[in-house]
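**Student:** From first to last, the protein sequence lines are chains A and B. Residue 80 is where the first sequence starts when you use the working numbering, and the numbers rise one by one after that. Residue 80 is where the second sequence starts when you use the working numbering, and the numbers rise one by one after that. Have a look at this one.
Number of protein chains: 2
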Amino acid sequence: MEQRFAPVIENEAAKGRVVLVCEHASNAFPAPWGDLGLSEAARQAHIAWDPGALGLARGLMSRLDAVLIHAPASRLIYDCNRAPDMPGAMPARSEVYDVPGNIAVSPEERRARTEAVYLPFHDALHGLLMRRLAAGLRPVMVTIHSFTPVYFGKARAVEFGVIHDADPALAVAIRDAAARMTRMNAQLNAPYSAADDVTHSLRVNATPYGLPNAMLEIRNDLIADAAAQEAMAALLAPVINMGVAEIQKQAKAS
Amino acid sequence: MEQRFAPVIENEAAKGRVVLVCEHASNAFPAPWGDLGLSEAARQAHIAWDPGALGLARGLMSRLDAVLIHAPASRLIYDCNRAPDMPGAMPARSEVYDVPGNIAVSPEERRARTEAVYLPFHDALHGLLMRRLAAGLRPVMVTIHSFTPVYFGKARAVEFGVIHDADPALAVAIRDAAARMTRMNAQLNAPYSAADDVTHSLRVNATPYGLPNAMLEIRNDLIADAAAQEAMAALLAPVINMGVAEIQKQAKAS
């Protein structure tokens, strides 16, 4: 039997509606893939994971009484926020870095990584959402990401990006709440958008079920250590709560 | 551990691109649910399953060298073509029949049926599609259904309905091919359409991945026995092939 890398689920009995998803939580490079020929610096860089995202997600989890699911291995082995046929699922190059172990991925190897990493992640996330939906606790899906402050040599001014797939309601409500409640540079669909194929998890797990959803992107220099991640969680938990309250108000009014 | 009712997969090593899905193949009422208080007549009627659909699907499977996945229990226990929060997932009434065992489904029971029937079906279908997508055999998803010739006392003239979700390309191509190659009354989005929430399987498994997809509905008096199902498979296999060829032509031209 092939090895399967199950995602980690925390606080599964949570009473809150929010389901937090962290596809890029880890920069682990387990066997049989190993380091894909990357240097130590590359394995620590934003191409391998979203630095700070897991710590922030855990801070949000406890404040929102949310359930949290996160990936157990580097996105460079398989990026769980990409479909198996997307180049970005196992990229041969990411920003300014080559990924030697991904330069010639055979169809068999692509299938094996899909089986080992993507399917267990997706099945667990989907099951989590569906069990809650069935039991009447309609989930709100929020994915937690971080982005690099400098990309291809260019500095990014945005600090907090809120990205939506087909239904913009929750993303707009969270961005508006951030504008009212924080001094962060908060922007909709920045530093990228669904057009860049970054909303795969939302598109597969929330959109078809009509579940409220949004993708949150925090600039990683703002969540560089545990203290900063806690502070950011304390700042953003009320922002997310206000966003969810706003769409509940809209749903009642319609 | 809770019981899980895995779907049946046939011809998994198929070389063809088509993945056939039959959510309403079975009128089995296994324990722990049993007959839900239905009469023998009701358990044989179209409310419990799609009569003839599985025989037709198997005939198509061999002619198209397609893989086939079908549900192992009646749609009245859990309708795998409905999300867990839809009333139709475990309907208390279907056409002119009451379903006693579904009149008061508790949240716990709804969750248990979702876990036992919907999740195994969905995980298996999704896995089937993703493994093929990863290996470069881009799937074409076709669901096979039958409908009753008389509904709420009214006769239906349509014989072959082709229903689409967000992407109409394959459905239109198959309907057009049927019009050219057969004398059937073939209609688009009849006897119902995505607006009636009948395209759940397509919406979850094909639409988010951009996979070509269509839902085929055959009037069940035309596939009432094994010979008729074989004859219909012989008629429709070239129609489906022509539809798939047409969208491949369109994809190359664009």
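Ideal Cβ placement from N, Cα and C applies to all residues, glycine included.
Spatial neighbours of A/Val237 within its chain, please: C-beta separation below 6 angstroms, excluding the five flanking residues on both sides.
**Tutor:** Asn264, Gln266, Ala269, Pro270
**Student:** If contacts are defined as beta-carbon pairs under 8 angstroms, then A/Met169 and A/Arg189 qualify, I think. What distance do you get, rounded to the angstrom?
**Tutor:** 7 angstroms
**Student:** With H, G and I counted as helix, E and B as strand and the rest as coil, what does DSSP make of B/Ala152?
**Tutor:** coil
**Student:** Do the CB positions of A/Gly138 and A/Glu296 come within less than 7 angstroms of each other?
**Tutor:** no
**Student:** Who are the Cβ neighbours of B/Phe108 in its own chain at under 6 angstroms, not counting the five residues just before and after it?
**Tutor:** Asp114, Ser153
**Student:** Which residue marks the beginning of the alpha helix (DSSP H) containing B/Val318, and which one marks its end?
**Tutor:** That run of the alpha helix (DSSP H) goes 305-332.
**Student:** What distance in whole Å lies between the Cβ atoms of B/Leu314 and B/Thr35, which are believed to be in contact at a cut-off of 8 angstroms?
**Tutor:** Outside the displayed span of chain B (80 to 333) sits residue 35 of chain B, for which this structure offers no information.
**Student:** Taking C-beta to C-beta, are B/Pro151 and B/Thr193 nearer than 7 angstroms?
**Tutor:** no
**Student:** Reducing DSSP to helix, strand and coil, say where B/Ser173 ends up.
**Tutor:** The three-state secondary structure of B/Ser173, taken from DSSP, is strand.
**Student:** Write down the C-beta distance between A/Gly322 and A/Ala256 rounded to the nearest angstrom, noting that I regard them as a contact closer than 8 angstroms.
**Tutor:** 5 angstroms
**Student:** Just curious, the alpha helix (DSSP H) that B/Val283 is in, first and last residue?
**Tutor:** 279-284
**Student:** Using a C-beta to C-beta distance shorter than 9 angstroms, which residues of chain A count as neighbours of B/Ser111?
**Tutor:** Looking at the sequence itself, residue 111 of chain B is Pro, so the reference to Ser does not match. Under the 9 angstroms cutoff, chain A gives no residues; its nearest Cβ is about 17 angstroms from B/Pro111.
**Student:** Could you check what DSSP says for B/Val178 in three-state terms: helix, strand or coil?
**Tutor:** coil
**Student:** Counting along the chain, where does the alpha helix (DSSP H) carrying A/Arg190 start and finish?
**Tutor:** 186-192
**Student:** With a Cβ-Cβ cutoff of 7 angstroms, do B/Pro291 and B/Leu249 count as a contact?
**Tutor:** yes
**Student:** Say whether chain A places a C-beta atom closer than 7 angstroms to the C-beta of B/Pro186.
**Tutor:** yes
**Student:** Starting from the beta carbon of B/Thr193, find every residue of chain A whose beta carbon is closer than 7 angstroms, and list them in chain order.
**Tutor:** Met209, Arg210, Ala213
**Student:** Drop a sphere of 10 angstroms on the beta-carbon of B/Arg172, count the other beta-carbons inside from all chains shown, and report buried for 16 or more, exposed for fewer.
**Tutor:** The Cβ neighbour count for B/Arg172, taken over all protein chains shown within 10 Å, is under 16; the residue is labelled exposed.
**Student:** Tell me, to the nearest whole angstrom, how far the beta carbon of B/Leu135 is from that of B/Met311; I am working on the premise that it is less than 8 angstroms.
**Tutor:** 5 angstroms
**Student:** Measure the C-alpha to C-alpha separation of A/Arg217 and A/Leu281 and round it to an integer number of angstroms.
**Tutor:** 15 angstroms
**Student:** Using 8 angstroms for Cβ pairs, my map puts B/His149 next to B/Asn299. What's the rounded Cβ distance?
**Tutor:** Wrong, their Cβ atoms sit about 16 angstroms apart, outside the cutoff.
**Student:** Considering just the uninterrupted stretch of the beta strand (DSSP E) at A/Ser225, what are its terminal residues?
**Tutor:** 219-226
**Student:** Please list the partners that A/Val51 has in chain B, where partner means a Cβ-to-Cβ separation under 7 angstroms.
**Tutor:** Because chain A here runs from 80 to 333, residue 51 of chain A falls outside it and cannot be looked at.
**Student:** Could you list which residues in chain B have their beta carbon closer than 8 angstroms to that of A/Arg190, in chain order?
**Tutor:** Simply Arg210, Ala213, Ala214.
**Student:** Just tell me which of A/Gln82, A/Leu133, A/Glu325 has its CA closest to the CA of A/Thr222.
**Tutor:** Comparing Cα positions, the closest option is A/Leu133.
**Student:** How big is the Cα-Cα spacing for A/Val97 and B/Arg142?
**Tutor:** A/Val97 and B/Arg142: Cα-Cα distance of roughly 47 angstroms.
**Student:** At a CB distance below 9 angstroms, what residues from the segment 154-187 of chain A approach chain B? Give them in sequence order.
**Tutor:** Ala162, Pro163, Asp164, Ala168, Pro186, Glu187
**Student:** Given a cut-off of 7 angstroms, decide if A/Gln329 and A/Ala195 are closer than it, judged by their beta-carbon atoms.
**Tutor:** no
**Student:** Can you find the residues in the same chain that come closer than 8 angstroms, C-beta to C-beta, to A/Leu212, ignoring five residues on each side of it along the sequence?
**Tutor:** Residues of the same chain with a CB within less than 8 angstroms of the CB of A/Leu212, apart from the 5 flanking positions on each side, are Pro218, Tyr288, Leu290 in chain order.
**Student:** Report the start-end ranges of each alpha helix (DSSP H) in the segment 80-148 of chain B that is 4 residues or longer and not cut off at the edges.
**Tutor:** 119-123, 132-143
**Student:** At 7 angstroms on the CB atoms, spell out the chain A contacts of B/Gly95, in chain order.
**Tutor:** Under the 7 angstroms cutoff, chain A gives no residues; its nearest Cβ is about 17 angstroms from B/Gly95.
**Student:** Report the neighbours of B/Asp202 on chain A: residues whose CB is nearer than 7 angstroms to its CB, in chain order.
**Tutor:** Asp202
**Student:** Cutting at 8 angstroms between CB atoms, please list the residues of its own chain near A/Gly167, excluding the five before and the five after it.
**Tutor:** Asp158, Arg161, Asp276
**Student:** So B/Tyr197 contacts chain A; which residues on that side make the cut at Cβ distance below 7 angstroms?
**Tutor:** Met209
**Student:** List the residues of chain B that A/Gly206 touches, going by C-beta distances under 7 angstroms, in chain order.
**Tutor:** Leu198
**Student:** Go ahead and label A/Gly131 buried or exposed: buried means 16 or more other beta carbons lie within 10 angstroms of its beta carbon, across all protein chains shown.
**Tutor:** buried
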